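A short write-up of the structure that comes next.
Numbering (our numbering), first residue to last: 197 to 517.
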């Protein structure tokens, strides 16, 4: 997979952004930030700049949401595509461009789960030729980039969906039955009947709302960018299946920091979730990752609110020291 990079100095490409050009970098270990659903490369700007100001070599990556993944003719990619190809290619690019073999990783929502699934598959073995990196001498993407063994030093998982077996506002809405069929499944089928391949969250939400269940998506996610229908269906099915298991026994990092939210939209009474992800998923993840240094903490914010929460930003900065 060809990956594009947007280094603020050299303007090489667009699927990466390095946020350290205005600051003196005192720690050269790359800090990689990955957004969740319906977001893009710039979702992390405030968070990334705060880290860069403290002297970190900060990179944001765009797993989904960009013009090369969400165009009308773009592939209706699957979750498996993200874990087998997209994420390893992006990380191999950061490793190649930074000249480092270890990174610190901060993933929100799908940016957390996709990373974990990919690490479970490739962390112990690595992956040769995970992507094609840009060659400034030739002007082509003709450098074969490899995904190294055990590439993540410190892992920060923010509002990470794991099994989605517990209660949440999003899950309770998606799983409501309409003539015996979950509302989310009906919505996905309607989108497929319209030949949709990439959708805004409001398109999915409107389908559910027409079934009589108002879906306050704006409280949970951004809606500036599309995702594939296949990816929406993947998470839809996780909500519906109450017996989902998560494979993560091969994930090994130096330090694991799991951050959850426990504030829900005002119109939802169940308080053991962030509106989209149940608190129970944070405990499952904390118990799954192999690390001798684990921390699990919660902040009073919603699923999307966590990435702009100053207390969260300061906490992460402290743990990166």
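We put the CB at the ideal spot given by N, CA and C, even for glycine.
All of these numbers come straight from a predicted model, not from anything done at the bench.
Note to self: By DSSP's criteria, residue 343 is part of a beta bridge. Which residues make up the other side?
What the structure shows: 323
Notebook entry, point to check: On the three-pair Cβ rule with 8 Å, is the stretch 437-454 touching the stretch 288-296?
Noted result: no
Note to self: Output needed for residue 340: all residues of its chain with C-beta closer than 6 Å, excluding positions within five of it in sequence on either side, in chain order.
What the structure shows: 325
Note to self: Which residues does DSSP list as the beta-bridge partners of residue 329?
What the structure shows: 339
Check: When DSSP labels each residue in this structure, what does residue 291 get in the three-state scheme?
Finding: helix
Check: Leaving out five residues before and five after residue 425 in sequence, what residues of the same chain have Cβ atoms less than 8 Å from its Cβ?
Finding: 272, 384, 387, 388, 392, 393, 394 and 395
Next item on the list: Counting only the same chain and skipping the five closest in sequence on each side, list residues whose C-beta sits under 6 Å from that of residue 308.
Entry: 353 and 356
Checklist line | Assigned exposure category for residue 505 - 16 Cβ within 10 Å defines buried | finding: buried
Notebook entry, point to check: Is residue 469 helix, strand or coil when you go by DSSP?
Noted result: strand
Note to self: Going by C-alpha to C-alpha distance, which of 224, 228 and 233 sits closest to residue 423?
What the structure shows: 233
Margin query: On the criterion of 16 or more Cβ atoms from any shown chain inside 10 Å, does residue 263 qualify as buried, or is it exposed?
Written below: exposed
Item checked: Which listed residue (496, 508 and 490) has its alpha carbon closest to that of residue 350 -> 490
Item checked: the stretch 328-342 touching the stretch 370-380, judged by at least three CB pairs closer than 8 Å -> no
Next item on the list: Using three-state DSSP, classify residue 348 as helix, strand or coil.
Entry: strand
Note to self: Using 8 Å as the cut-off, can you tell me whether the stretch 300-317 makes contact with the stretch 273-285, which would need three or more C-beta pairs spanning the two stretches below that distance?
What the structure shows: yes
Notebook entry, point to check: Near residue 438, which residues of its chain fall below 7 Å by C-beta distance, leaving aside the five closest residues on each side in sequence?
Noted result: 361
Notebook entry, point to check: Using the C-alpha atoms, what's the distance from residue 359 back to residue 486?
Noted result: 18 Å
Next item on the list: Measure the alpha-carbon distance for residue 285 versus residue 318 and round it to whole angstroms.
Entry: 12 Å
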